[in-house]
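First the structure, in the form of structure tokens, and then the observations on it.
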Amino acid sequence: MSLELPLSARLAWWLTAWLRGHEVTDHVLDAVTDGDLGHVVDGLAGGTAMLDLLLEARRSGATGAGLALPVEGDPLGLGGPRELNDAALAVGEAVVVGAWAVVPEVVGEVAHWRVGPAAPRQVPDVGEADRALRATLIEAADLLSDLDVAHWRPEAADELMNLRHRPVLDAPSGTPPRCADLAARGLQGWAIAELALGDDGGALSTHEIEARRSALRPLERASRRALVAACSSEVWPDP
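For what it's worth, the numbering used here labels the leading residue of the sequence shown as 213, then goes sequentially.
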């Protein structure tokens, strides 16, 4: 798990900033397409470039965008239809823009953004997601300490010891500072969970393996919920 924003989180943030007049077009395009990937929009009648996607969002009357981070058994940030849910689940992310959505599929060195309809969805409240992440991080740190995480996964132990050193994210203008901070902590918690769940390390028994997984599953879920709330403008606090 990277400490960089997923493609869909980056697009959700910057598209919202553009729709609300906080960022200029060139700055948004540079931020969204930064990196080694090319970007092509598939399924949009108006064109195939990222600018066409921005313009379609404005024409649709959208005032913001939101993030979805689904996993098997938890379609977080999605409301359907099934075609959207299946496509987003396959890659683990999507951007919802009112009544439609885009799902990125990286093929070689090109990110294909596939456009399709989206049904209404439910998104975690920012305050609720924030409180849940804080509580889960404390519980996970205590449990992993009891399970001697430093012995079986030194990298995870280092991350847990440095929870105060969060990644610095390039949030666009208009993003509530609370949400930028929540996104950084969500990325960090998610990275810790995935790092520690990467293998069973020095586990000595089935019981110990399950204890570790039980300690980390809530952290992974709380971190994803935090990131979705932080990158979904419909639940942002009023300015």
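Virtual Cβ for every residue (Gly too), placed ideally from N, Cα, C.
Being a predicted model, the structure only gives us computed values, none of them experimental.
Start and end of the alpha helix (DSSP H) containing Ala269? If you number the sequence shown from 1, residue 269 lands on position 57. Residue range Met262 to Arg271 is occupied by the alpha helix (DSSP H) that includes Ala269.
For Ala323, the first and last residue of its enclosing beta strand (DSSP E): Position 111 of the sequence shown, counted from the first residue, corresponds to residue 323. Where Ala323 is concerned, the enclosing beta strand (DSSP E) stretches over Val322 to Pro329.
Could you pull the start and end residues of the alpha helix (DSSP H) that Leu227 belongs to? Here residue 227 refers to the residue found at position 15 of the sequence shown. Unbroken alpha helix (DSSP H) run through Leu227: Leu219 to Leu231.
Pairwise C-alpha distance: Arg424 and Pro451: Here residue 451 corresponds to residue number 239 of the sequence shown, with the count starting at 1. Here residue 424 corresponds to residue number 212 of the sequence shown, with the count starting at 1. Cα to Cα, the separation comes out at about 40 Å.
Inter-residue CB distance, Gly258 and Asp264 (contact presumed, cutoff 8 Å): Translated into the one-based positions of the sequence shown, residue 258 becomes position 46. Translated into the one-based positions of the sequence shown, residue 264 becomes position 52. Gly258 to Asp264, Cβ: 5 Å. Contact.
Report the rounded CA-to-CA distance for Gly291 versus Ala441, giving the unit in angstroms. Your numbering for residue 291 matches position 79 in the sequence shown. Your numbering for residue 441 matches position 229 in the sequence shown. As the crow flies, the alpha-carbon of Gly291 is around 15 Å from that of Ala441.
Go to Leu279, then tell me how far its alpha helix (DSSP H) extends in each direction, as first and last residue. Within the sequence shown, residue 279 is the residue found at index 67, counting from 1. Looking at the DSSP string, Leu279 is not in any alpha helix (DSSP H); the run it does join, the beta strand (DSSP E), is Gly278 to Ala280.
Under the three-state reduction of DSSP, which class applies to Trp247: helix, strand or coil? As a working mapping, residue 247 is identified with position 35 in the sequence shown. In the sequence as presented, Trp is not what sits at residue 247; that position holds Gly. Correct three-state label for Gly247: coil.
DSSP three-state label for Asp286, please. Mapped onto the sequence shown, residue 286 falls at position 74. It is a strand residue.
Helix or strand or just coil, what does DSSP make of Asp242? For the purposes of this step, residue 242 is taken as the residue at position 30 of the sequence shown. In the structure shown, Asp242 sits in a helix (DSSP, three-state: H, G or I).
How many angstroms separate the CA atom of Gly310 from the CA atom of Ser272? The count along the sequence shown starts at 1 and reaches residue 310 at position 98. The count along the sequence shown starts at 1 and reaches residue 272 at position 60. Spanning the two alpha carbons is a distance of roughly 8 Å.
How about Glu432 and Val335: are their beta carbons less than 9 Å apart? Counting from one through the sequence shown, the residue named residue 432 turns up at place 220. Counting from one through the sequence shown, the residue named residue 335 turns up at place 123. No, these two residues do not count as a Cβ contact at 9 Å.
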